[in-house]
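Heads up: the protein sequence lines correspond to chains W and C, in order.
Mapping to our numbering: the first sequence position 26 is 26, numbers consecutive.
Mapping to our numbering: the second sequence position 32 is 147, numbers consecutive.
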Amino acid sequence: KAGVTQTPRYLIKTRGQQVTLSCSPISGHRSVSWYQQTPGQGLQFLFEYFSETQRNKGNFPGRFSGRQFSNSRSEMNVSTLELGDSALYLCASSLDSSGLGETQYFGPGTRLLVL
Amino acid sequence: AQKVTQAQTEISVVEKEDVTLDCVYETRDTTYYLFWYKQPPSGELVFLIRRNSFDEQNEISGRYSWNFQKSTSSFNFTITASQVVDSAVYFCALSEGFKAAGNKLTFGGGTRVLVKP
Numbered sequence: 001k002a003g004v005t006q007t008p009r010y011l012i013k014t015r016g017q018q019v020t021l022s023c024s025p026i027s028g029h030r031s032v033s034w035y036q037q038t039p040g041q042g043l044q045f046l047f048e049y050f051s052e053t054q055r056n057k058g059n060f061p062g063r064f065s066g067r068q069f070s071n072s073r074s075e076m077n078v079s080t081l082e083l084g085d086s087a088l089y090l091c092a093s094s095l096d097s098s099g100l101g102e103t104q105y106f107g108p109g110t111r112l113l114v115l
Numbered sequence: 116a117q118k119v120t121q122a123q124t125e126i127s128v129v130e131k132e133d134v135t136l137d138c139v140y141e142t143r144d145t146t147y148y149l150f151w152y153k154q155p156p157s158g159e160l161v162f163l164i165r166r167n168s169f170d171e172q173n174e175i176s177g178r179y180s181w182n183f184q185k186s187t188s189s190f191n192f193t194i195t196a197s198q199v200v201d202s203a204v205y206f207c208a209l210s211e212g213f214k215a216a217g218n219k220l221t222f223g224g225g226t227r228v229l230v231k232p
């Protein structure tokens, strides 16, 4: 079974631009979560989607948004990019048979650099 | 609110030495789930183990072992006879066990393990 895939793998943007990152979960997985990893703040939860609905959201500004499609694929969008948005963005998927503390499997990440 | 603390930021060992990574967590829930992930230089987080709060049995998987102690809110991880390929950053994480939490993971700061030949 193929793992979680994320595109693009690397991205360079300038301040003020917006960016869309894509994530394809493991086949059959219905929950997709996004995390931001930076040297200063570590790994932080952005949001989780299940059945095309946002189930949980982390403490990030409204510039960060996401969505999930009917095939469970997910996108996240960051508008009006700031230098501090430079990070590794990780997507994770889980089967979600119970919706409680399920194991999440991570993709390789998208490394975003904001200049 | 939940919190995960990995006090050791970096550990350096020589190959074949054992290394223990500490993880201490805080949560008000009686039901919760604990995880360990490995992040090699490639960046992808690799799942190692999941434990629920009702299962305090220690576990051994090859050279890896885990010691879960609810009394001290700790979930420590030991690599026996370390190898160079074990060099990576290891993260401990917590997921709370109520519906609204979903599968949200709260991560510790990570421990970088460097195994020298």
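We put the beta carbon where it would ideally sit given N, CA and C, even for glycine.
For Ala116 of chain C, the secondary structure class from DSSP, reduced to helix, strand or coil, is coil.
Beta-bridge annotation (DSSP): Gln36 of chain W is paired with W:Gln44 and W:Tyr89.
Flagged as an interface residue toward chain W: Phe162 of chain C, by a C-beta distance shorter than 8 Å. A Cβ-Cβ contact shorter than 8 Å links Ser65 of chain W with Asn77 of chain W. Comparing alpha carbon positions, the residue from W:Arg67, W:Thr7 and W:Arg111 closest to Asp85 of chain W is W:Arg111.
Ranked by how close their Cα comes to the Cα of Asn182 of chain C, the residues C:Trp151, C:Val228 and C:Val129 have C:Trp151 in first place. No residue range can be given for Glu159 of chain C, since it is assigned to no beta strand (DSSP E) and is classified by DSSP as neither H nor E. In this structure, DSSP gives Lys219 of chain C a state outside helix and strand, which the three-state scheme calls coil. Within the stretch 87–103 of chain W, contact with chain C at the beta-carbon level (separation under 8 Å) is assigned to Leu88, Leu90, Ala92, Ser94, Asp96, Gly99, Leu100, Gly101, Glu102 and Thr103. Pairing Thr124 of chain C with Gly223 of chain C gives a Cβ-Cβ distance that is not under 8 Å. Contact with chain C is absent for Ser22 of chain W, since none of that chain's Cβ atoms lies less than 8 Å from the residue's Cβ. Assignment of Gly66 of chain W by DSSP, reduced to helix, strand and coil, places it in the strand class. Residues of chain C with a Cβ closer than 9 Å to the Cβ of Ser33 of chain W are, in chain order, Gly217, Asn218, Lys219 and Leu220. Not a single C-beta of chain W is nearer than 8 Å to the C-beta of Phe192 of chain C. Counting every other CB atom within 10 Å of its CB across the protein chains shown gives Ser74 of chain W a total of 16 or more, marking it as buried.
Here DSSP, grouped into helix, strand and coil, assigns Thr187 of chain C to helix.
Judged by DSSP in its simplified three-state form, Leu95 of chain W adopts coil rather than helix or strand. When the five nearest sequence neighbours on each side are left out, the beta carbons in the same chain lying within less than 6 Å of the beta carbon of Glu48 of chain W are those of Ser33, Arg55 and Asn56, in order along the chain. For Tyr10 of chain W, there are no C-beta contacts with chain C under 9 Å, since the nearest C-beta of that chain is about 11 Å from it. Below the 8 Å Cβ cutoff, chain W contributes Pro108 as neighbours of Ser157 of chain C, in chain order. For Asn71 of chain W, there is no enclosing beta strand (DSSP E), since its DSSP letter is neither H nor E. In this model, Phe162 of chain C and Leu149 of chain C are separated by some 11 Å (Cα to Cα). For a cut-off of 8 Å, the C-beta gap from Gln121 of chain C to Leu209 of chain C is around 12 Å, too long to register as a contact.
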